[in-house]
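Quick note: to get our numbering, add 947 to the position in the sequence shown (first position is 1).
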Amino acid sequence: MSLASGERETAEIRLELTEQGYLKGKKQTGKKGGRIPKKPASLPPRKFVTGGGLVILCGRNNRQNDELTLRLADKEDIWLHVKNLPGSHVILRTGGKQASEQDIVSAAEVAAAFSKAPEGVPVPVDYTAVRRVKKLPGGKPGMVTYDRFKTVYVTSDPKRVETLCT
948 MSLASGERET AEIRLELTEQ GYLKGKKQTG KKGGRIPKKP ASLPPRKFVT
998 GGGLVILCGR NNRQNDELTL RLADKEDIWL HVKNLPGSHV ILRTGGKQAS
1048 EQDIVSAAEV AAAFSKAPEG VPVPVDYTAV RRVKKLPGGK PGMVTYDRFK
1098 TVYVTSDPKR VETLCT
């Protein structure tokens, strides 16, 4: 929750944690006495643009990571995630074209900035085509597996990522 940037985003994360049983929620009852969770309006994914003009999308929470990776991204887009640490799913929209190495590094910097990776330390970021990313059967939101990936090392620097904001 420390990476949440506003009240709506914090509310989305709190609702997700309540639904998964990590937090106790307020009980609201409907006509039949059942619990009605109040869903906050969803925020769009974070959006950035590389020096080469490609769009980078970054999930804000586990549920949005699923939506972004499994529904919004094209199969030829590039999916990125910090290796072995919690963090946002990042999509580099390629439009069917080959992404440059610098575009991939920029997207990897976004993945590092929106993860639990420590600042100022080189961290590995895995990337692969979206078609190589699969939802774990019965897995919680945001839990995926992937193959045929490459790894790039970048340093987590939120100030650098701010320069990519749209």
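We treat Cβ as the ideally placed atom computed from N, Cα and C, and that holds for glycine.
query, result
"Proximity below 9 Å, CB of Leu1027 to CB of Val1002", "no"
"CA-to-CA distance, Arg1079 to Phe995, given in whole angstroms", "23 Å"
"Where Ala1059 falls: helix, strand or coil (DSSP)", "helix"
"Local Cβ density within 10 Å of Lys1106, reported as buried at 16 or more and exposed below that", "exposed"
"The stretch 1018-1033 / the stretch 1057-1076 touching (three or more Cβ pairs under 8 Å)", "yes"
"As assigned by DSSP and simplified to three states, the class of Arg1095", "coil"
"Neighbourhood of Leu964 by C-beta distance below 6 Å, restricted to the same chain and skipping five residues each side", "Leu970"
"Any non-hydrogen atom of the ligand FMN closer than 8 Å to Ser1062 Cβ", "The ligand FMN is not part of the structure shown, which contains no ligands of any sort."
"Close Cβ partners of Pro1088 (< 6 Å) along its chain, the five nearest in sequence each way excluded", "Asn1009, Arg1010, Asp1013"
"Check whether Val1099 and Ile1051 have beta carbons under 9 Å apart", "yes"
"Top-ranked residue by Cα proximity to Lys1081, from Leu1019, Asp1073, Tyr1093, Glu1023", "Tyr1093"
"Host beta strand (DSSP E) of Lys1081 (start-end)", "1080-1082"
"Option nearest Gly1058 by Cα separation, candidates Arg955, Thr1110, Pro1071, Gly1086", "Residue 1058 is actually Ala in this sequence, not Gly. Checked all of Arg955, Thr1110, Pro1071, Gly1086; the closest Cα to Ala1058 is Pro1071."
"Candidates Gly1067, Glu1048, Leu962: closest to Lys1097 by CA position", "Glu1048"
"Leu1004 burial status per 10 Å Cβ neighbour count (16 or more: buried)", "buried"
"Those runs of the alpha helix (DSSP H) which lie wholly inside the stretch 985-1013 and span at least 4 residues", "none"
"Residue from Ala1020, Glu959, Gln1045 with nearest C-alpha to Val1037", "Ala1020"
"Cβ neighbours of Asp1104 in the same chain (closer than 6 Å, five flanking residues each side left out)", "none"
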